[in-house]
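Enquirer: First the structure, then my questions, so here it is.
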Amino acid sequence: DAGITQSPRYKITETGRQVTLMCHQTWSHSYMFWYRQDLGHGLRLIYYSAAADITDKGEVPDGYVVSRSKTENFPLTLESATRSQTSVYFCASKRTGVNYGYTFGSGTRLTVV
Amino acid sequence: DAKTTQPPSMDCAEGRAANLPCNHSTISGNEYVYWYRQIHSQGPQYIIHGLKNNETNEMASLIITEDRKSSTLILPHATLRDTAVYYCIVRVAPGFGNEKLTFGTGTRLTIIP
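Here is the structure:
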């Protein structure tokens, strides 16, 4: 089915572990984004990508790594998870241009213990 | 991007029109008004956007004042499923390298049965 999917839906990991959150979209949208959402902070941009092999930092990139070897995938890696990274993570994609909005995935709820 | 001001919360009776205001008094001539909403635990959903003319789609209408310093999102016949946080975002026309979206705190709309 066409759309944007995130996996896993829920994840519990231990402090110091590496964890990767997956994001896949089927539209070949140029742009992809990772946001985190915490109570009291709203949605904050972590990283985004304008095309395959082009990525850039957002508002809160520290502690995260992204890659985009293929247009349809945009994984987010926490190299050494910390409790402050406990959050809900949303991936989004967008076609280039003013007439298109973002499409968000269903989110990954990550708990770091 | 221009700053926006929205009421933190609003109630609306089911079946009535929900009118959500947004103030953006510092908006520039090349900045668009976008509306998104986020239903509990889901990713944000694009609703509508406009530059200076009023816009309507299957979800809502967007009324922008002539001086563009404020706008109103109208949900014509609110249902319980419209209960969500609504975000008004003002930003320059997106283009290559400029597709980032910054979310504020929004308006929590509650539809009352």
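If you read the sequences in order, they're chains F and U. Just so you know, we're using the working numbering here: the first sequence kicks off at 238 and counts up by one. Just so you know, we're using the working numbering here: the second sequence kicks off at 1379 and counts up by one. Each residue gets a CB set at the ideal place from its N, CA and C atoms; glycine is no exception.
Starting from P1485 (chain U), find everything on chain F with Cβ-Cβ shorter than 8 angstroms and list it in chain order.
Expert: The identity of residue 1485 (chain U) in the sequence shown is Thr, whereas the question assumes Pro. The premise fails here: T1485 (chain U) is roughly 13 angstroms from chain F at the closest Cβ pair, so nothing lies under 8 angstroms.
Enquirer: Using a cut-off of 8 angstroms between C-beta atoms, extract the partners of Y268 (chain F) located in chain U.
Expert: What Y268 (chain F) touches in chain U: E1477.
Enquirer: Take Q274 (chain F) as the anchor and find which of F:Y301, F:Q243, F:F327, F:G342 has the nearest alpha-carbon.
Expert: Ranking F:Y301, F:Q243, F:F327, F:G342 by Cα distance to Q274 (chain F) puts F:F327 first.
Enquirer: Any chance you could list the beta strand (DSSP E) runs of at least 3 consecutive residues sitting entirely within the segment 1409-1461 of chain U, in chain order?
Expert: The qualifying runs are 1409-1416, 1423-1428, 1439-1442, 1448-1453.
Enquirer: On the DSSP letters alone, give me the boundaries of the beta strand (DSSP E) that I283 (chain F) sits inside.
Expert: It spans 279-288 - the beta strand (DSSP E) in which I283 (chain F) sits, taken as one unbroken run.
Enquirer: Are the beta-carbon atoms of S343 (chain F) and Q243 (chain F) separated by less than 8 angstroms?
Expert: Yes, the pair counts as a contact, with Cβ atoms nearer than the cut-off.
Enquirer: Quick check on L313 (chain F) - is its C-beta less than 8 angstroms from some C-beta in chain U?
Expert: Not an interface residue.
Enquirer: Going by DSSP, what residues sit across from T1483 (chain U) in a beta bridge?
Expert: T1483 (chain U) is not bridged to any residue.
Enquirer: Which whole-angstrom value describes the C-beta separation of A1456 (chain U) and C1390 (chain U), a residue pair presumed to lie in contact below a C-beta threshold of 8 angstroms?
Expert: Their Cβ separation, rounded to whole angstroms, is 5 angstroms, which keeps A1456 (chain U) and C1390 (chain U) in contact under 8 angstroms.
Enquirer: Got a sec: is the Cβ-Cβ distance from V335 (chain F) to anything in chain U below 8 angstroms?
Expert: Yes, V335 (chain F) counts as interfacial toward chain U.
Enquirer: Round the Cβ separation of V1468 (chain U) and T1485 (chain U) to the nearest angstrom and send it over; I've been treating them as touching at under 8 angstroms.
Expert: The Cβ separation is near 15 angstroms, so there is no contact.
Enquirer: Could you check the C-alpha separation between P1491 (chain U) and E1392 (chain U) for me, to the nearest Å?
Expert: Distance between the alpha carbons of P1491 (chain U) and E1392 (chain U) is about 5 angstroms.
Enquirer: Taking 6 angstroms as the limit between beta carbons, can you name the residues of its chain near L258 (chain F), skipping five residues before and five after?
Expert: Excluding residues within five positions, the ones whose Cβ falls inside 6 angstroms are L313, Y326, T345.
Enquirer: What does K331 (chain F) reach in chain U if we use C-beta pairs closer than 7 angstroms?
Expert: Here the neighbours are E1477.
Enquirer: To which residues of the same chain is S1448 (chain U) closer than 7 angstroms at the C-beta, ignoring the five residues directly before and after it?
Expert: Same-chain partners within the cutoff: P1399, C1400, N1401, H1402.
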